[in-house]
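A.B. asks: For the sequence shown, position 195 matches number 581 in this note's numbering, and the numbering has no gaps at all.
For glycine and all other residues, C-beta sits at the position ideal for the given N, C-alpha and C.
Model, not experiment: these values are computed from the prediction.
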Amino acid sequence: MADPRDDLTAIVDEVRRVTTLPGAQTLRHRSDRRRRRRTAVGVAGLAVVALAAGTALVQVRNDVETPGVGPATQVAPPVVPSATASAGPQEILGGRRQVQIVLPGMRGATLAIDRDGDQVRATTEQGIDDRALWVLRPEGGRYRIVLASSADAICMAVVHDAAPGSVRGRACDAAASTQLFRIDQVPDGSYSIFQGKRYVQVVDGTNALVPDLPEGLTTTYEFLDRGPR
387 MADPRDDLTA IVDEVRRVTT LPGAQTLRHR SDRRRRRRTA VGVAGLAVVA LAAGTALVQV
447 RNDVETPGVG PATQVAPPVV PSATASAGPQ EILGGRRQVQ IVLPGMRGAT LAIDRDGDQV
507 RATTEQGIDD RALWVLRPEG GRYRIVLASS ADAICMAVVH DAAPGSVRGR ACDAAASTQL
567 FRIDQVPDGS YSIFQGKRYV QVVDGTNALV PDLPEGLTTT YEFLDRGPR
């Protein structure tokens, strides 16, 4: 017959085996294994997050940097200079252009020959191209001012008659010094006309062009291009 104390001893031994704590080294090994597992899981999680963030960043960059495809840019046609573009001073003073001689200080009045005479004066009359278009023909550093539309060669000519004289349209004469004028540009870009010893200017009242006013420069002119002669 078995001894009951043997059974009790066996039970006590089993309880001791189950409840006995593992040694310190064993605990450290277990702790290290758990830590490595947590680290591995954490790294894997970070990798997933980083991959997702990288994918999102690439998508954002593609959205920002890839412009929408719009219509093809149209190339503007080349600019063709206008055939009627105004000429410069070189062409005008070279006798190759017809011009209106405009007085900027008189509301755009122009120099023209009288309708019923031969005197030159400033006028705002319209439709008078046949009497108001001139060619500045260079000649030895001076100019003949020739009526552009006349069938006969008509030039401005200074006449020293009753003071302050007059300027008239006369037949061009190569020997007549009274038909030669000096034209100079002044600081504001307009021009003076000089003949003999005085400036040729417009007198108040009659608006006549005269050569003998006893005063300094008060009348200047601009040359409005009206095409080739």
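(1) My understanding is that V544 touches P597, with C-beta atoms under 8 Å, so please give their C-beta distance in whole angstroms.
(2) Which runs of the beta strand (DSSP E) fall wholly inside the segment 497-534 and span at least 3 residues, in chain order?
(3) Is the CB-CB distance between V506 and F609 below 8 Å?
(4) Express the C-alpha separation of A508 and N593 in angstroms, rounding to a whole number.
(5) Could you please give the first and the last residue of the uninterrupted alpha helix (DSSP H) stretch that includes Q476?
(6) Please state whether the Cβ-Cβ distance between D611 and I487 is less than 8 Å.
(7) To the nearest angstrom, how far is it from the Cα of R556 to the Cα of G480?
(8) Report the partner residues of Q587 according to the DSSP bridge assignment.
(9) Quick check: R615 and R482, are their CB atoms within less than 8 Å of each other?
(10) For Y607, does the three-state DSSP call read helix, strand or coil?
C.D. replies: Judging by the given coordinates:
(1) 4 Å
(2) 506-509, 520-525, 528-533
(3) no
(4) In this structure, the CA atom of N593 is about 5 Å from the CA atom of A508.
(5) Judged by DSSP secondary structure, Q476 falls within the alpha helix (DSSP H) whose first and last residues are 475-478.
(6) no
(7) When rounded, the distance between both Cα atoms is 22 Å.
(8) V596
(9) Using a Cβ distance threshold of 8 Å, R615 and R482 count as a contacting pair.
(10) Secondary structure of Y607 (DSSP, three-state): strand.
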